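Asker: Start counting the sequence shown at 84; every next residue gets the next number (the numbering used here).
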Amino acid sequence: MADDIPPTGDSIAVGDLSDLADGDMRCFPDVGDYGIVVCRYQGSLYALEDNCSHADTPLSEGRFRGAKVTCPLHGAQFDVRDGTHSGPPAFEGVACYQVVESSDGVVVMLDSGGKESSDGFGEIGGRFRTR
Ligand code: FES
């Protein structure tokens with residue numbers, strides 16, 4: 084964990100992610116209700132709630148290509164930069180959290196997760212509860 088980064092608000096230090104290559108993602112299953120998945124896209128880090136808004140499936144088990152994570156269950160896609168979805172079968176986006184990366188490590192700002200996606204992020208969790 085990045086001890087030198089003081090938590091502000093509701094945040095969590097997830098350690099050094101300098102080894103996370105562009106196009107890779109890493110799951111932190113113990114954060115929040117469903118865990119978070121941190122993705123590196125074009126050099127920057129983005130964090131999403133690790134839970135498809137369609138039917139509660141971990142997005143970290145899916146595929147990450149371009150700026151989008153594809154759900155492994157039915158193929159809904161989510162933009163890692165803002166959590167918005169690309170269309171059905173998802174009805175809405177997922178929570179997207181601000182990420183701060185420094186030489187001391189990476190901090191995910193969980194209190195930024197309420198940020199609305201363009202399609203109106205709503206309640207936490209998928210529409211169909213499967214886990
Ligand atoms: S559970 Fe993700 S698309 Fe259905």
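All C-beta atoms, glycine included, are put in the ideal place defined by N, C-alpha and C. Just so we're clear, the structure is a prediction, and the values are computed from it rather than from any experiment.
Between F174, L142, L103, which has its C-alpha nearest G126's C-alpha?
Answerer: The shortest C-alpha separation from G126 is found at L103.
Asker: Which of the three DSSP states is assigned to S195 in this structure?
Answerer: helix
Asker: Out of V177, R146, M192, S185, which has the shortest C-alpha to C-alpha gap to Y117?
Answerer: V177
Asker: Give me the Cα-Cα distance between S94 and D194, rounded to the nearest whole angstrom.
Answerer: One C-alpha to the other measures close to 7 Å.
Asker: According to DSSP, S127 sits in a beta bridge with which residue or residues?
Answerer: Y124
Asker: With DSSP as the reference, label E144 as helix, strand or coil.
Answerer: helix
Asker: Looking at the ligand FES, does it come within less than 7 Å of T140, judged from the CB to the closest heavy atom?
Answerer: yes
Asker: Can you grab the Cα-Cα spacing for the pair P90 / V190, in whole Å?
Answerer: Note on P90: pLDDT 47, under 50, position unreliable in the model; the coordinate value appears next. Straight-line Cα distance between these residues: approximately 8 Å.
Asker: Closer than 8 Å by C-beta to G205: which residues in its own chain qualify, once you throw out the five before and the five after it? Chain order, please.
Answerer: Because the pLDDT of G205 is 45, which lies under 50, any placement of that residue in the model is unreliable, and the number read from its coordinates should be weighed accordingly. Cβ within range, chain order: E175.
Asker: With burial defined as no fewer than 16 other Cβ atoms inside 10 Å of the residue's Cβ, what is the status of P171: buried or exposed?
Answerer: exposed
Asker: By the three-class DSSP mapping on this structure, what secondary structure does C110 have?
Answerer: strand
Asker: Measuring only from the beta carbon, is G58 closer than 7 Å to any heavy atom that is part of the ligand FES?
Answerer: Because residue 58 is not part of the residues shown, which for the chain are 84 to 214, the question remains open.
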